[in-house]
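Numbering (full-length UniProt numbering), first residue to last: 1 to 326.
Backbone N, C-alpha and C define an ideal beta-carbon position, used for all residues, glycine too.
Working notes for the structure below.
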């Protein structure tokens, strides 16, 4: 496997004084030469609340966005299609796979089917010994908040459908299926893991988002199983009312999980904790059943996600936090 671009270097520079009040640092010569930075070129300056200052040559941001990788199929120890989701998530725009042998047609077909599970990626070239896969999705233009909200709305809509089913109401529109949720998951993974310009604070928050969106994907699977059980089992009036009330709280909890990681809030965390407690009290009134078990599992996953989301509180400058104690 060969990555067709270079890793980033980290250097330390000493701050110097210019005149009576101005401070300056010099730019690394290696970086200047590599990107042909000239006097008068524009430099993008990113100032973050965590104390970091990032300088990016505008021409680099505009030009150095294409990432390629070459795979030696003969040395690969795993099925060819299985590597595509990983490389897509890692932000590669061009994946070239080569072999000294004839690539089996079934591998090509399986590869094509895998690309259909993701947005903006397709097989663009196939020959006897070579396959090229390209992704045209510009991750820098895809918002993390937007994708996470779409995952939230997709799951919440399916929970609403189960509530409507229990209430014997007609469904308004067909819900997005699990494959749609998985496409959003892969897009979000690509946006976060393939991002080239992030502050330390953003990277920490994004790590929590990655953990949570994996959990949300599992929640989506459980919601599907819950829907199947509701369709096959008969609920009493009492059971129906309690499950409906609990599922409404589940949707509220989903909102707190997602919004807390995006916009840290103690109030949201406390509300989420109360929703978990109230939901468990509700379920304690019911006998054990497949439906109750699925709802309990969903609550357990969302409770863990809420704990992860609450970590973002400590990335902010809260009045009750004092850092760097000696």
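In whole angstroms, give me the CA-to-CA distance for residue 280 and residue 316.
31 Å
Once DSSP output is grouped into helix, strand and coil, what is the label at residue 71?
strand
Going by beta carbon distance, what residues of the same chain come within less than 6 Å of residue 75, once the five residues before and after it are set aside?
none
For residue 205 and residue 284, I'd like the C-alpha separation in whole angstroms.
35 Å
I'd like to know if the segment 181–192 and the segment 287–303 are in contact, where contact means that at least 3 CB-CB pairs between them fall below 8 Å.
no
Within 10 angstroms of the Cβ of residue 79, are there 16 or more other Cβ atoms? Answer buried if so, exposed if not.
exposed
Using the Cα positions of residue 187 and residue 89, report the straight-line distance between them to the nearest angstrom.
7 Å
Just the C-alpha distance for residue 149 and residue 98, rounded to the nearest angstrom, thanks.
39 Å
Cut-off 7 Å between Cβ atoms - residues of its own chain near residue 17, not counting five sequence neighbours on either side
23
Since residue 128 is in the beta strand (DSSP E), which residue starts that stretch and which ends it?
Segment: none, residue 128 is in no beta strand (DSSP E) and carries neither H nor E.
Rounded to whole angstroms, how far is the Cβ of residue 193 from the Cβ of residue 91, which I believe are closer than 8 Å?
6 Å
Contact belief for residue 244 with residue 163 at Cβ below 8 Å, rounded distance in angstroms:
5 Å
Given residue 108, which residues of its chain have a CB within under 8 Å of its CB, disregarding the five upstream and five downstream residues?
123, 126, 131
What's the C-alpha gap between residue 266 and residue 25?
39 Å
What's the call for residue 264, buried or exposed, on a 16-neighbour Cβ count within 10 Å?
buried
Taking DSSP's pairing of strands, which residues face residue 145 in a bridge?
Answer is none; residue 145 lacks a bridge partner.
So, residue 44 versus residue 56, is the Cβ gap smaller than 8 Å?
yes
To which residues does DSSP link residue 16 through a beta bridge?
24
Distance, residue 115 Cα to residue 62 Cα:
With a pLDDT of only 49 at residue 62, under 50, the local geometry of the prediction cannot be trusted, and the value read off the model is given with reservation. Taking the straight line from one Cα to the other gives about 27 Å.
Quickly, what does DSSP pair residue 44 with across the bridge? List them, please.
56
Leaving out the 5 sequence neighbours to the left and right, which residues in its chain are closer than 7 Å to residue 87 when beta-carbon positions are compared?
69, 95
What's the gap between the Cα of residue 128 and the Cα of residue 104?
9 Å
Extent of the continuous alpha helix (DSSP H) to which residue 118 belongs
That residue, residue 118, is in no alpha helix (DSSP H); it is neither H nor E in DSSP.
Exposed or buried, residue 254, counting other C-beta atoms within 10 Å across all chains shown (16 or more means buried)?
buried
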